[in-house]
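Numbering (the numbering used here), first residue to last: -11 to 316.
No residue lacks a Cβ here, since even glycine has one placed at the ideal position from N, Cα and C.
Given below as structure tokens:
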């Protein structure tokens, strides 16, 4: 086994890196990748992420390449085969159907069975392939030993058929069988596979993070009675009209209790009257803070009902995340 020890003297500590020379794959030019993988790409739910990479090795051996993906936090990878395009360029794709952060990576290996199958397809004189069929049978037989159950039995049986009593052309066609190729890919020997040096990330957001139409509304101003404080129930009456105008996001300022100390009045005056309700961004009073709802607007259950009814009209409700605190 060829191994090379490399020493780094960039710091006072010497770091030794052992490289297995049998892992002959080079993976580079991965796309999409932002700033060398420092930052995640962004997509929305339901999109398909197309990944390309330059994958190559020395010599003329054939390669196999897979695109691996998973949601961040999961341990097991899902994977799909990557297809060869041109000039060492490979492409694969995977869907994202959940919000959150996901990861993807590229893995490749020298595929000895694919190399053998490619050479077998080029033989023109069947009398020349006896030794080649023996080599193929050995590769298939080893795969059968790696796999348990019916799949392993199937591969072992096929290995025997490759060196069996049938004529050479029949055995040649068995070696070129597409089902055999698929099973050998699924159960390939990956002990010398090599992955891309970085695991890349994608942040998946709601489709409306890409484009949406917002309408800002103060719930306290939605009462049909002039001068009366509006409620969440009053807001429900506005939903059909907003949907008809094409809005799909209804934006509320903070809905928390409003402080009374240093409260401002109309037009931002510093001398408020007794009936001035204050700025909703001055959060915090006797009734609670950032985890409470202004009592005049309603209760939490009524807010949840408003959210559900808004969704029935194709509208999401967005809340202002304000970190300000009133002196209270």
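List the residues that DSSP assigns as beta-bridge partners of residue 203.
238
Please list the terminal residues of the continuous beta strand (DSSP E) segment that includes residue 59.
Following the DSSP letters along the chain, one finds residue 59 inside the beta strand (DSSP E) bounded by residues 51 to 59.
For a minimum of 3 consecutive residues, which ranges assigned as the beta strand (DSSP E) are wholly contained in the stretch 212 to 290?
The qualifying runs are 237 to 240.
Cβ pair count under 8 Å reaching 3, the stretch 187 to 200 against the stretch 220 to 232
Three or more Cβ pairs closer than 8 Å define a contact, and the stretch 187 to 200 falls short of that threshold against the stretch 220 to 232.
Can you list, in chain order, the residues of its chain whose CB lies under 7 Å from that of residue 105, leaving out five sequence neighbours each side?
163, 164, 169
Output the distance between the C-alpha atoms of residue 84 and residue 58, rounded to the nearest integer angstrom.
9 Å
Pop quiz: residue 87 and residue 70 are said to be a contact at Cβ under 8 Å. What is the actual Cβ separation, rounded to whole angstroms?
Not confirmed; about 26 Å, so no contact.
Cutoff 6 Å; reference residue 101; Cβ partners in own chain excluding five residues on either side
127, 172
Local Cβ density within 10 Å of residue 287, reported as buried at 16 or more and exposed below that
exposed
Let me check understanding here. Comparing Cα to Cα, which of 34, 292, 40 lies closest to residue 15?
40
Relative to the C-alpha of residue 270, which residue among 24, 178, 231, 252 is closest?
252
The alpha helix (DSSP H) spanning residue 106 covers which residue range?
Bounds of the alpha helix (DSSP H) holding residue 106 are 100 to 110.
Would you say the stretch 288 to 296 touches the stretch 258 to 270, given that touching needs at least three Cβ pairs under 8 Å?
no
Roughly how many angstroms lie between the CA atoms of residue 281 and residue 20, to the nearest whole one?
43 Å
Considering only residues of the same chain and omitting the five flanking positions on each side of residue 204, which have a CB-CB separation below 6 Å?
239
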